[in-house]
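Residue numbers for the sequence shown follow the working numbering, beginning at 40 and rising by one. Every residue, glycine too, gets a C-beta built ideally from N, C-alpha and C. These figures come from a predicted structure and were not determined experimentally. Accompanying notes for the structure given below.
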Amino acid sequence: MVYTSQLRSGGVISEDPSLERHFKGHRDAVTSVDFSLNKKQLASGSMDSCLMIWSMRPQMRAYRFVGHKDAVMCVQFSPSGHLVASGSRDKTVRLWVPSVKGESTVFRAHTATVRSVHFSSDGQSLVTASDDKTVKVWTVHRQKFLFSLSQHINWVRCARFSPDGRLIVSASDDKTVKLWDKTSRECIHSFCEHGGFVNHVDFHPSGTCIAAAGTDNTVKVWDVRMNRLLQHYQVHSAVVNSLSFHPSGNYLVTASNDSTLKILDLLEGRLLYTLHGHQGPATCVAFSRAGDFFASGGSDEQVMVWKTNFDAADYGEVLKTQKSGSSVDGTYHSLLSEMDCGVHLKKTKTQDSGSNHEQQQDSSLATTLEHIMGQLDVLTQTVSILEQRLTLTEDKLKECLENQQKIIQNKAN
């Protein structure tokens with residue numbers, strides 16, 4: 040593995056990223072990885088048509104979910120962690136309960152391969168992208184189709200909601216990245232600077248920037264308020280397949296066909312680390328929700344989990360922000376050529392023990408609400424499964440009655 044130790048701003052010496060563990064169980068290339076909210080589980084999809092749920096706790100068994108009839112192209116946990124969505128080459132999307140039973144509801148989402156699935160931050164909506172050149176938005180409850188976005192003229196590889204849920208960004212083989220307004224359903228802007236197909240796109244945690252990875256070996260960062268290119272990285276020697284923002288917004292991790300993962304420092308606009316782990320193309324990468332870990336998958340059928348380490352200062356801030364609900368500082372750092380895509384998180388100082396007590400109450404209330412939301416997710420899923428079973432039973436009953444009538448008619452004749 041290739042590293043260089045870096046002296047971070049404020050004199051904090053960061054440690055190198057380290058490979059924590061790797062999971063073997065897929066029988067073909069890994070296409071997608073995602074952590075659950077509490078980091079207890081890691082989901083992965085593969086060309087072997089299976090979805091795997093790996094336990095981050097030692098000596099715990101992994102779950103292999105079988106249901107898709109063809110390659111699983113994408114996986115994502117719901118914000119609460121109580122559901123996993125998967126999209127497949129069989130043109131369907133499945134919503135799974137990540138438990139030992141592995142129950143799922145399935146719906147025909149597109150007329151071609153489903154390349155991408157993504158939950159909105161409130162967990163109520165799902166956006167899908169497909170080789171049928173469309174982006175579609177669905178309700179998670181009952182999987183009701185809401186609307187379609189269809190201005191791309193080639194396969195759509197990826198689609199993501201903005202953190203506030205008001206925008207959708209999509210990346211396509213038509214060499215464009217399109218920004219959509221969810222309410223008006225109109226394309227606000229097309230970014231056309233990529234020299235090749237665009238494999239992956241995602242929003243910066245602040246929602247003000249997007250980053251896209253392409254077959255022209257580049258990673259580009261745009262400001263979605265001004266619709267201008269902020270940063271351009273040519274650090275890989277082959278196609279860039281995937282990327283993920285660190286929750287602090289200060290780093291970006293990328294995965295490429297050159298078999299490496301690269302960590303980019305967005306504040307300084309430079310390459311921080313090159314990681315060698317996969318034998319062959321690194322196909323996907325994703326940070327955990329807190330940013331202390333990231334996972335990668337490759338065509339070597341392996342899933343690797345890395346400890347971030349280099350983000351010690353940022354990680355503390357992310358945790359403080361998540362626990363205390365402190366606001367994101369809107370002051371942007373003046374980077375090279377005004378490349379201002381980094382946000383720092385403010386510390387909130389507690390005034391007295393009273394406010395400390397309030398924070399504890401807020402924290403327990405938030406935990407309770409999160410638990411209730413999770414239970415609702417599971418109930419919704421259970422109802423959907425029961426509805427599907429009821430429909431199947433009705434169909435079988437109808438078939439039996441029809442057969443019975445045919446037999447009676449034949450006897451009468």
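Across which residues does DSSP place residue i in a beta bridge pair?
i, result
"H271", "K259"
"D241", "A250"
"T167", "V156 and K175"
"V123", "F116 and W135"
"S75", "Per DSSP, none; premise fails for S75."
"F326", "F333"
"H58", "According to the sequence as given, residue 58 is Leu; it is not His. Answer by DSSP bridge pairing, in chain order: W345."
"M91", "S83 and R103"
"T315", "According to the sequence provided, residue 315 is His. The question's Thr does not apply to it. BP columns for H315 point to T299."
How many Å lie between residue i and residue j at the Cα?
i, j, result
"V166", "E340", "27 Å"
"H239", "I447", "59 Å"
"A451", "Q443", "12 Å"
"H107", "R133", "8 Å"
"L90", "S71", "10 Å"
"Y272", "A321", "18 Å"
"G162", "L404", "19 Å"
"D170", "S189", "11 Å"
"H455", "E54", "There is simply no residue 455 to check, as the chain begins at 40 and stops at 452 in what is shown."
"D262", "A294", "22 Å"
"L300", "K435", "51 Å"
"P56", "I227", "38 Å"
"H317", "V69", "11 Å"
"E438", "N449", "16 Å"
"V105", "L218", "34 Å"
"D129", "M112", "10 Å"
"A151", "K172", "9 Å"
"F349", "S283", "16 Å"
"G234", "V260", "14 Å"
"Q182", "V114", "16 Å"
"N296", "F116", "25 Å"
"L310", "S94", "31 Å"
"D35", "F74", "In the structure as shown, the chain begins at 40 and stops at 452. Residue 35 is therefore absent and cannot be evaluated."
"K385", "L306", "Model confidence at K385 stands at a pLDDT of 27, short of 50, so the residue's coordinates are unreliable and nothing is read from them."
"S276", "L408", "46 Å"
"F184", "V176", "6 Å"
"H121", "G141", "12 Å"
"K445", "W135", "39 Å"
"F186", "T178", "10 Å"
"L440", "R147", "28 Å"
"S298", "S164", "34 Å"
Taking Cβ positions, are residue i and residue j nearer each other than 9 Å?
i, j, result
"S155", "R196", "yes"
"V324", "G336", "yes"
"V258", "F62", "no"
"S85", "A124", "no"
"D220", "N193", "no"
"A198", "V174", "yes"
"D255", "I249", "no"
"H92", "L81", "Inspection of the sequence shows that residue 92 is occupied by Ile rather than by His. Closer than 9 Å, so yes."
"L303", "L291", "yes"
"K78", "S327", "yes"
"S88", "S127", "yes"
"E232", "L269", "no"
"H285", "T347", "yes"
"V278", "G319", "no"
Would you mind reading off the limits of the beta strand (DSSP E) that contains residue i?
i, result
"E225", "E225 to F230"
"K172", "Note, K172: premise wrong, no beta strand (DSSP E); not H, not E."
"R199", "V195 to F200"
"M112", "V111 to F116"
"N280", "V279 to F284"
"T215", "No beta strand (DSSP E) holds T215; DSSP gives it neither H nor E."
"F104", "Y102 to V105"
"L4", "Any answer about residue 4 is impossible in this case: the structure gives the chain only from 40 up to 452."
"A294", "Y290 to S295"
"T150", "Taken as a continuous stretch (DSSP letters only), T150 belongs to no beta strand (DSSP E), as it is neither H nor E."
"F236", "No beta strand (DSSP E) holds F236; DSSP gives it neither H nor E."
"S338", "Looking at the DSSP string, S338 is not in any beta strand (DSSP E), and its letter there is neither H nor E."
"S187", "F184 to L188"
Using a C-beta cutoff of 9 Å, does residue i count as contacting chain D?
i, result
"G106", "No chain D is present in this structure, which holds just one protein chain."
Would you call the stretch 235-250 in contact with the stretch 192-206, where contact means no fewer than 3 C-beta pairs closer than 8 Å? At 8 Å Cβ cutoff, the stretches touch.
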